[in-house]
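As structure tokens, the structure follows; a few thoughts come after it.
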Amino acid sequence: MSLRRFVPIASWGPEYDRRNLRSDLAAGLTIGAMLVPQAMAYALLAGLPPEVGLYAATIPVLVYAVFGTSRQLAVGPVAIVSLLTASALAPLVEEGTAGYLTAAALLALMVGVVHLVLGAARLGYLVNFLSHSVLVGFTAAAAIIIGLSQAKHLFGISIERQEYVHETLLEVGRNLGDTNGTTLVLALAALTALVGLKRLAPRAPAALIVVVVSILAVEVFDLESRGVKVIGDIPDSLPMFGLPDASGGLVGDLLATAFIITIVGFMESIAVSKVYARRHRYDIDANQELIGLGAANVAAGVFGGYPVTGGFSRTAVNDAAGARTPLASVITAAIVLATIAFFTPLLSSLPNAVLGAIIITAVIGLIDVAEMRHIAKVKRSDLIGLGVAFVATLSLGIELGIAVAVIASMLVVFARMSMPHSAVLGHVAGTTSYRNLERFPEAETVDGVGILRIDAALSFVNASHVKQLLLDRSDTLDADRRVLVLDASGINDIDATGADMLGEVLTEFEDRQVILHMADVKGPVRDVLHRAGLWDQLGDRMHASTHD
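Start counting the sequence shown at 18; every next residue gets the next number (the numbering used here).
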């Protein structure tokens, strides 16, 4: 086995093209400037001190650069994973305690192990149980929850963390009378600046600019004395190696969340990775990505961080800034490490309200109305999964919401499988082709002969429905000549239940004096029909094509 397959840096590192250095350096510096304030903001969202966010933006980023296959993916703390972390830890450990920090690191370690197991077993396909439409609905609801969670920072009020959205709204409403006017003005100014800079100067490090200006405002105008809350002193110690100490009971309590973060985080990462891989014409190995993200999360767990994944917005900026190889991520990690070592004292006057504004502007894009419209246009039934995910997440909370969303997504698939598409066919004059009469009304029918095509595998899910289709079609045939041709070109598999169903149909057709022919039977289906004895039973009524 090649080392390059499991350690991608062994492939691109020795062959690094120095002509990419300037672009990678520019991208690394840009993302580093963007990641420092974001990492601290997302740590607060997770209920953690800001330095934990910085730790999660250092060694894990370096590790992904070694093991990941995406050249543009910007790994680090993200909003949804931060919210999932908070919702998992809050009921188990008191926020602000050493136990909370340990539990966050343990969760990162568990997320990493789940990633690695799935990657090593080549089980990346499991994330497909969460469909794209469901993910769109879930992320939109999560964005609303995240935005509401920052209300306390924007208004300068103290509220208890609530599990449900309506409870958070009520809690905010009850405490609005305690709003700190200076904090609110500062938050609104930060929001305006962030949105304005994004539109007017999209490549500028908007978050860093707002952070610097807000720190200066706090110092110059002594805003702390007016009730503006700041993050306070940040330890300048670099991340240190250490295994999180936790009880077996805590591991069990966090296991479900570890799987959820793995699924959501990996889907977010692989989706954005594939976009830029296609754009730059290289391939993404989904299972190696699981290993890369798993190694990054293990690093986060043993170096005092919390779960990480690839982010949409930072990856877009990384690409726009010129990232051509993972060296850009190495430079980003170096910037964050330098910030921890030398510049954290300068950040002590950073207002919480500004971090809240950074989070809100970052998650606005998660409410993707344009994509919802696209989904509705392409396949309206996909809105069922989207809607269920959105409503369930808002009403039941993050973890239960995504569980319901996955179940809803699978039920939609089963519903489609249980009622497969079928078509009554007619002959296209002058050809050997047979087409759906609904789409090709000019196709000709043959008196007394019905031709039906089933476009799905025959299984226990749809056997009864397909049987009824066949029987109903036989009822429409002429009394004198009753022949039904089953075009099997769309049937790529059949299970025992499906075979039994065909046997039952043959028996009922004999009673009704209907003759069944089958055409264009594929190899896997043919094998099952042989073993079930149906091939011999049909004999010369099996044909290579419908025209035959």
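Even for Gly, the Cβ is constructed at its ideal location relative to N, Cα and C. Values in this document were obtained by computation on a predicted structure and should not be read as measured data.
Straight-line gap, residue i to residue j (C-alpha atoms, nearest Å)
i	j	result
ALA355	TYR72	12 Å
THR449	SER506	14 Å
LEU61	THR279	21 Å
VAL542	ASP336	47 Å
ASP512	SER481	13 Å
LEU469	THR514	20 Å
PHE276	SER366	37 Å
ILE251	LYS396	50 Å
MET18	ASP302	Low per-residue confidence applies at MET18: pLDDT is 47, beneath 50, and the placement is therefore not dependable, though the value from the model is reported in the following sentence. Rounded to whole angstroms, MET18 to ASP302 spans 16 Å at the Cα level.
ASP300	GLY85	12 Å
ILE376	ALA96	7 Å
ALA549	ALA516	7 Å
VAL69	ALA107	16 Å
ALA115	PHE320	15 Å
ALA422	MET389	16 Å
HIS255	ALA317	One detail in the question is off: residue 255 reads as Leu in this sequence, not His. So the two alpha carbons sit approximately 13 Å from each other.
HIS564	TYR451	8 Å
PHE359	PRO67	15 Å
ARG529	ARG490	12 Å
ILE384	TYR293	21 Å
LEU551	LEU124	54 Å
LEU205	LEU240	15 Å
ALA58	LEU372	5 Å
LEU413	LEU135	28 Å
LEU267	THR102	14 Å
VAL445	SER426	38 Å
Sequence-distant residues of the same chain with beta carbon closer than 7 Å to residue i, five excluded per side
i	result
ASN37	ARG341 and THR342
SER439	LEU469, ARG470, ILE471, ASP472 and LEU486
Counterpart residues of residue i in DSSP-defined beta bridges
i	result
GLU461	HIS444
LEU533	LEU501
THR563	DSSP, once it has assigned bridges, lists no residue as partnering THR563.
PRO261	For PRO261, which the question treats as bridged, DSSP gives no partner whatsoever.
VAL247	PRO368
THR326	GLY93
LEU475	ILE511
ILE468	VAL502
ARG452	GLY443
8 Å CB neighbourhood of residue i in its chain, flanking five on each side removed
i	result
VAL353	GLY49, LEU52, VAL53, ALA56, LEU71, ALA74, THR75 and VAL78
VAL466	LEU494, ARG498, VAL500, LEU501 and VAL502
SER330	ALA379 and GLY382
LYS215	ALA223 and THR378
Neighbourhood of residue i by C-beta distance below 6 Å, restricted to the same chain and skipping five residues each side
i	result
LEU245	Here the sequence assigns Val to residue 245, which means Leu is not the residue at that position. Only THR199, THR200 and PRO368 meet the Cβ criterion.
GLY339	SER40, ALA43 and ALA44
HIS560	ALA536
SER150	ILE392, ASP399, GLY402 and LEU403
GLN554	none
HIS534	VAL502 and ARG558
LEU208	ALA374
Pick from the options that is closest to residue i, judged by C-alpha positions
i	options	result
PHE258	PRO324, LEU171, GLY154 and ALA122	ALA122
LEU65	GLU112, THR47 and LEU101	GLU112
VAL538	GLU525, GLU521, ILE508 and GLY520	ILE508
ILE13	ASP253, ALA91, ARG499 and SER104	This structure gives no information on residue 13, because the portion of the chain shown stretches from 18 to 565.
SER346	GLU32, TYR81, PRO31 and ALA288	TYR81
VAL478	LYS291, VAL522, ALA432 and GLU188	ALA432
VAL281	THR326, VAL92, ASP504 and ASP253	THR326
ARG243	GLY173, ARG35 and LEU267	GLY173
PHE283	VAL128, VAL445 and VAL110	VAL128
ALA370	VAL83, TYR142 and LEU171	LEU171
GLY447	VAL441, PRO437, GLU461 and LEU454	GLU461
ILE308	ILE248, VAL189, VAL83 and VAL230	VAL83
THR332	TYR323, VAL430, ILE26 and ARG220	ARG220
ASP195	LYS394, ILE176 and TYR181	ILE176
LEU363	VAL247, HIS444, GLY540 and PHE23	VAL247
VAL130	GLU285, VAL229 and LEU310	LEU310
VAL545	ILE424, VAL430, SER476 and ALA168	SER476
GLY322	LEU109, ALA160 and ALA120	ALA120
Residue range of the unbroken alpha helix (DSSP H) whose run includes residue i
i	result
GLY164	149-166
TYR81	76-84
ARG191	182-192
GLY173	Careful: GLY173 lies outside any alpha helix (DSSP H) and carries neither H nor E.
VAL202	198-217
ASN543	One detail in the question is off: residue 543 reads as Arg in this sequence, not Asn. Element bounds for ARG543: 540-549.
TYR59	38-62
GLN305	303-319
ALA351	344-355
First through last residue of the beta strand (DSSP E) which encompasses residue i
i	result
ILE419	Careful: ILE419 lies outside any beta strand (DSSP E), inside the alpha helix (DSSP H) at 415-435.
ARG390	Unbroken run through ARG390 is the alpha helix (DSSP H), 386-395; no beta strand (DSSP E).
Short CB-CB distance (under 9 Å) between residue i and chain D
i	result
GLY322	Protein chain content of the structure displayed is limited to a single chain, and chain D is not contained in it.
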